[in-house]
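J.:
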Amino acid sequence: MKFTLSWLKDHLETEASLDEITEALTDLGLEVEEVFNPADRLKDFTLGHVTHAEQHPDADRLRVCKVATGEGELQIICGAPNAREGITVVVARPGVYVPGIDTTIGVGKIRGIESHGMMCSEREMELSEEHDGIIELPSGAVGDRFIDWLAENDPAKVDPVIEIAITPNRPDALGVAGIARDLAARGLGRLKERAIEPVPGEYPCPVSVSIDDDTLDGCPVFAGRLIRDVRNGPSPQWLQDLLRAIGLRPISLLVDITNYFTFDRNRPLHVFDADKMQGGLRVHRAKGGETILALDEKTYTLQPGMMVISDQNGPESIAGIMGGEHSGVTAETRNVFVESAFWDFIQIAHAGRALKINSDARYRFERGVDPEFTLPGLELATQMILDLCGGEASEVVVAGAVPDHSRAYRLNPARVQSLVGMEIPESDQRQTLTRLGFRLEGNMAHVPSWRPDVQGEADLVEEVARIASLTRLEGKPLPRLTEGMPRPVMTPGQRREQAARRTCAALGYNECVSYSFIDQASAALFGGGDDATMLENPISSEMSHMRPALLPGLLQAAARNQARGFMDLALFEIGPAFHGGEPQEEHVLVTGLLVGRTGPKDVHGAARPVDLYDAKADAEAVLAAMGAPARVQILRGASDWWHPGRHGRICLGPKKMLGVFGELHPKVLRALDVKGPAVAFTLWPEEIPAARKALATRSALELRDLQAVERDFAFVVDADVEALTLVNAAAGADKALIEDVRVFDEFIGGALGEGKKSLALTVRLQPADKTLTDAEIEAISGKIVDKVAKATGGVLRG
């Protein structure tokens, strides 16, 4: 939102300086993004007087001028047709930067004659588009600064321009009058509130207006009037200067007036050339497929349900967004219909996004304009058109009615202290709200129609604190907790996540927090990307689907790091993944990723590439920290984004999986541009069984006094038999005595023959009550052999 200082002073009587105003605006929540002061670029230009001018001897269109300046007489060669003796001009001496031509003036020769400066036109100084000749001033002393002359004679040319950022909750600040109201409430001046007198109609309006019943929710009120015999020429200079200062191009008097009120009062208006219209105007919903050539010279196809303003010929305006070229005003326009309406912000936003139109009208309507200013805004515009364009106004025609948005909330002065921590007297609170336009009746504050953001008692407190300035807040220690305050309670899931986060960090991983939505191609690599997880209104095409796993985000982060030279990475993330569109299809995962080598080069030992055993060890450590049972099974059969022969599922049984670890499939790494090796693990905290009972302390570790016994077995089994099958069979021979079973050797080939292999196990027996005898050991060994033979068909290797 841009406005000039003088424009602000049209609504605010103030003696505050520019710095005081900008500082107050930022403190009020209207953050100043930039202050552009034209005087800064014109400060080096001075006034000069042409004492002599003669024809250049070698150029018909150039004149050699002698110019008196504050630093003596300069010889300047000028090609302007009005360069002559006796005029007062604006001089750029050597070393002065001229913004309109983006050049710093120097001493140079033109057709063999030296020139020591430049006499400037308005366009060369970016004051206007005028370039027919150099500036001729009616007054001014030689050597005076040009900006001082402008400040006295044409202040609009050096009017500072302020640009502020408007948050979506403050549509009232999209008008200069609303900004002035905030500053007046702060105490920086007095708000100039002018009564708006209705313009009497000279005759009945020949243009009828109507709103279809199914469109009243999108357009509650539509008003307008005909003004005939207008003159639509160029705008007066003050209006052109004002619009140019905020970045708008003056078009014509009628259009410039509507643009003026768009920024002055946050009241978008539209003018139709009445002679190009057939019949009355009807506000209705498009059937779909209708086309309209808009004022931006683009043709738009309307979608079903979009609001449109039509006459008997068809659509003449995209409601609340942009008018049509067919009924647009031109220099020949003599009769106009001025429209002022109130549009539903949601429907305007949907239509604007669908048609990809960004206009000042859409920007304001989709944030909210004052519904009660619909008719007063029409009266103001009518009066300005009559003053500047002439003509006769008809009576106002209105379809629908202004919606009632009145509401009131109780003002509790003590709430400011309790919610904000500021002590503000009740009289100051009431005065603040009154200055902001609230109507107070006892303890009830009636919200003004231009403040849709105020929706409760807390918002009243916010307004009081905002105007008083939150910089008045002082730091105070929190009150001490009273006796009996309960300790914070964490759910089992939260405790597991906390344990997993701490353990991953202790293992050397760096935590990542990535978006929960990714592109469809990445989601498809991990079993997602279907319609159930597709976002209805994604931020971009790269964020179109909810993630089915955490690995895509971690791998994308790894790729970005590798592109910047960080090749060895340890990353983890804890967050939700989505396997469908229903709430129960969202699950919290813990995922870790190792890429590259185990560490940097070091004198104490060489680093090695990461492998699946690194991922397995880290996964088991995190599971243990989250309270998972120590005895688990490692099974095959993970998803296809894992390497088919280098992965494992961590299970409590064939149907209960706690996690998966292993190398990632090369096709996944290629698709996401990650340079391997890369290993990872993913854990499901929700699958960890809850403890049967909570113990205040852990039981002491029990150490046996009796010596353990170890026996080795070598079994010949089929080549497709998994080692885990042997381990489980051997461990089940005597669960009371067998403490541990491990595989220590594998042999394939030789005399074993095709399709066979040898697996060697170490079985550790730990007696509890007495030392085992040889007979007891042999008996247990026999059970082990029998169990393995029954489970796998294996026999002892001879």
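Using our numbering, the letters of the sequence shown map in sequence onto residues 5 to 802. C-beta atoms are modelled at their ideal positions from N, C-alpha and C, and glycine is treated no differently.
(1) By how many angstroms is the C-alpha of Lys774 removed from the C-alpha of Ala793?
(2) How big is the Cα-Cα spacing for Gln569 and Pro681?
(3) Figure out for me which residue from Val451, Thr507, Ile752 has the closest Cα to the Cα of Val725.
(4) Within 10 angstroms of its Cβ, does Val180 collect 16 or more other Cβ (buried), or is it exposed?
(5) Do Val468 and Asp432 come within 9 Å of each other at the CB atom, strictly closer than that value?
(6) Going along the chain, which residues of its own chain have a beta-carbon closer than 8 Å to the beta-carbon of Ala700, five neighbours each way excluded?
(7) DSSP state of Thr305, grouped into three classes?
(8) For Tyr207, report the span of its beta strand (DSSP E) as first-last.
(9) Tell me which same chain residues have a C-beta within less than 7 Å of the C-beta of Gln282, skipping the five on either side of it?
(10) Measure the C-alpha to C-alpha separation of Ala779 and Leu800 and round it to an integer number of angstroms.
(11) Cα-Cα, which of Leu482, Ser119, Thr50, Ala675 is closest to Thr92?
(12) Under a three-way DSSP split, which group does Phe442 fall into?
(13) By the DSSP assignment, the beta strand (DSSP E) with Cys82 in it spans what residues?
(14) Identify, in the order they occur along the chain, each residue of the same chain with its Cβ nearer than 7 Å to the Cβ of Leu673, setting aside the five sequence neighbours on each side.
(15) Please classify Arg174 as buried or exposed, where buried requires at least 16 neighbouring CB atoms within 10 angstroms.
(16) Quick check on this structure: which residue in Leu297, Asp300, Gly293, Met547 has the alpha carbon closest to the alpha carbon of Met310?
(17) Alpha carbons only, please: which of Ile578, Phe521, Tyr264, Gly116 is nearest the one belonging to Gly497?
(18) DSSP on Thr729, reduced to helix/strand/coil?
(19) Are the CB atoms of Leu285 and Phe341 within a distance shorter than 9 Å?
(20) Between the C-alpha atoms of Asp535 and Leu554, what's the straight-line distance to the nearest angstrom?
(21) Please state whether DSSP places Lys47 in a helix, a strand or coil.
(22) Using a Cβ-Cβ cut-off of 7 Å (strictly less than) and excluding sequence neighbours within five positions of Thr729, which residues of its own chain qualify?
(23) Tell me whether Ala700 sits in a helix, a strand or coil according to DSSP, three-state version.
(24) Cβ of Val626 within 9 Å of Cβ of Leu687?
(25) Could you check where the alpha helix (DSSP H) with Tyr617 kicks off and where it finishes?
(26) So who's on the other strand from Tyr413, going by DSSP bridges?
(27) Nearest by alpha-carbon distance to Leu178: which of Ala764, Pro272, Pro210 is it?
(28) For Tyr617 versus Leu575, is the C-beta spacing smaller than 9 Å?
(29) Let's see if you can read the secondary structure: which residues bound the alpha helix (DSSP H) around Gln560?
(30) Is Tyr513 helix, strand or coil by DSSP?
(31) Over the uninterrupted beta strand (DSSP E) stretch that includes Gln637, give me the two end residues.
(32) Let me check understanding here. Comparing Cα to Cα, which of Glu750, Ala562, Asn236 lies closest to Ala718?
(33) What is the residue span of the beta strand (DSSP E) that Thr274 lies within?
(34) Assign Phe369 to buried or exposed, taking buried as 16 or more other Cβ atoms, counted over all protein chains shown, within 10 Å of its Cβ.
(35) Apart from the five residues just before and just after Asp300, which ones in its own chain have a Cβ nearer than 7 Å to its Cβ?
T.: Well, looking at it:
(1) As a first step, residue 793 must be located in the sequence shown, where it is residue number 789. As a first step, residue 774 must be located in the sequence shown, where it is residue number 770. Here the C-alpha atom of Ala793 lies approximately 29 Å from the C-alpha atom of Lys774.
(2) Within the sequence shown, residue 569 is the residue found at index 565, counting from 1. Within the sequence shown, residue 681 is the residue found at index 677, counting from 1. In the sequence on display, residue 569 carries Gly and not Gln. Going by the C-alpha atoms only, they are around 16 Å apart.
(3) One-based indexing of the sequence shown puts residue 725 at position 721. Checked all of Val451, Thr507, Ile752; the closest Cα to Val725 is Ile752.
(4) For this step, residue 180 is matched to residue 176 along the sequence shown. Counting C-beta atoms within 10 angstroms of its own C-beta, Val180 has 16 or more neighbours from the protein chains shown and is therefore classed as buried.
(5) Here residue 432 refers to the residue found at position 428 when the sequence shown is read from its first residue. Here residue 468 refers to the residue found at position 464 when the sequence shown is read from its first residue. Yes. Within cutoff.
(6) In the sequence shown, counting from the first residue as 1, residue 700 sits at position 696. At Ala700, the pLDDT of 49 sits below 50, so the modelled position is not reliable; the number obtained from the coordinates is stated separately. Cβ neighbours of Ala700 beyond the five flanking positions: none.
(7) Numbered from its first residue, the sequence shown carries residue 305 at position 301. Reduced to three states, the DSSP call for Thr305 is strand.
(8) For the purposes of this step, residue 207 is taken as the residue at position 203 of the sequence shown. Segment: none, Tyr207 is in no beta strand (DSSP E) and carries neither H nor E.
(9) As a working mapping, residue 282 is identified with position 278 in the sequence shown. Excluding residues within five positions, the ones whose Cβ falls inside 7 Å are Asp315, Gln316, Asn317.
(10) Position 775 of the sequence shown holds residue 779. Position 796 of the sequence shown holds residue 800. Here the alpha carbon of Ala779 sits roughly 19 Å from the alpha carbon of Leu800.
(11) As a first step, residue 92 must be located in the sequence shown, where it is residue number 88. Of the candidates Leu482, Ser119, Thr50, Ala675, the one whose C-alpha sits nearest the C-alpha of Thr92 is Thr50.
(12) In the sequence shown, residue 442 corresponds to position 438, counting from 1. Looking at Phe442 - three-state DSSP - the assignment turns out to be coil, as it is neither helix nor strand.
(13) Residue mapping note: residue 82 aligns to position 78 of the sequence shown, counting from 1. Element bounds for Cys82: 76-82.
(14) For this step, residue 673 is matched to residue 669 along the sequence shown. Cβ neighbours of Leu673 beyond the five flanking positions: Gly680, Ala682.
(15) Translated into positions along the sequence shown, residue 174 becomes position 170. Taking all protein chains in view, the Cβ of Arg174 is crowded by 16 or more other Cβ atoms within 10 Å, so the residue is classified as buried.
(16) Indexing the sequence shown from 1 puts residue 310 at position 306. Checked all of Leu297, Asp300, Gly293, Met547; the closest Cα to Met310 is Gly293.
(17) Residue 497 sits at position 493 when you count from the first residue of the sequence shown. Residue Ile578 is the option with its Cα nearest to Gly497.
(18) Reading the sequence shown from its first residue, position 725 is the one you call residue 729. In the three-state reduction of the DSSP assignment, Thr729 falls in the helix class.
(19) Within the sequence shown, residue 341 is the residue found at index 337, counting from 1. Within the sequence shown, residue 285 is the residue found at index 281, counting from 1. Less than 9 Å separates the beta-carbon of Phe341 from that of Leu285.
(20) Position 531 of the sequence shown holds residue 535. Position 550 of the sequence shown holds residue 554. When only Cα atoms are considered, Asp535 and Leu554 end up about 19 Å apart.
(21) The residue given as residue 47 occupies position 43 in the sequence shown. Lys47: coil per DSSP, three-state reduction.
(22) Counting from 1 along the sequence shown, the entry for residue 729 is found at position 725. Within the same chain, and ignoring the five residues on either side of Thr729 in sequence, the residues whose Cβ sits closer than 7 Å to its Cβ are Ala795, Thr796.
(23) To locate residue 700, count along the sequence shown from 1; it is residue 696. Low per-residue confidence applies at Ala700: pLDDT is 49, beneath 50, and the placement is therefore not dependable enough to give any value.
(24) Residue mapping note: residue 626 aligns to position 622 of the sequence shown, counting from 1. Residue mapping note: residue 687 aligns to position 683 of the sequence shown, counting from 1. Yes.
(25) Stepping through the sequence shown from its first residue, residue 617 is reached at position 613. First-last of the alpha helix (DSSP H) with Tyr617: 616-629.
(26) Here residue 413 is taken as the residue at index 409 of the sequence shown, counted from 1. Bridge partners of Tyr413: Ala449.
(27) Position 174 of the sequence shown, counted from the first residue, corresponds to residue 178. Checking every option, the nearest Cα to that of Leu178 belongs to Pro272.
(28) The sequence position of residue 617 within the sequence shown is 613, counting from 1. The sequence position of residue 575 within the sequence shown is 571, counting from 1. Going by C-beta atoms, Tyr617 is not nearer than 9 Å to Leu575.
(29) Counted from its first residue, the sequence shown places residue 560 at position 556. If you look at Gln560, you'll find it in the alpha helix (DSSP H) that goes 555-567.
(30) Within the sequence shown, the letter at position 509 stands for residue 513. In the three-state reduction of the DSSP assignment, Tyr513 falls in the coil class.
(31) Sequence index remark: in the sequence shown, residue 637 carries index 633 (1-based). Unbroken beta strand (DSSP E) run through Gln637: 637-639.
(32) Working through the sequence shown from its first residue, we reach residue 718 at position 714. If we check each option's Cα against that of Ala718, Glu750 comes out closest.
(33) Here the question's residue 274 lines up with position 270 in the sequence shown. Note that residue 274 corresponds to His in the displayed sequence, not to Thr. For His274, the uninterrupted beta strand (DSSP E) run begins and ends at 274-277, by DSSP.
(34) The residue given as residue 369 occupies position 365 in the sequence shown. Taking every protein chain shown into account, the CB of Phe369 has 16 or more other CB atoms within 10 angstroms, so this residue is buried.
(35) Taking the first residue of the sequence shown as position 1, residue 300 is located at position 296. The beta carbon of Asp300 lies closer than 7 Å to those of Met326 in the same chain, with the five residues before and after it left out.
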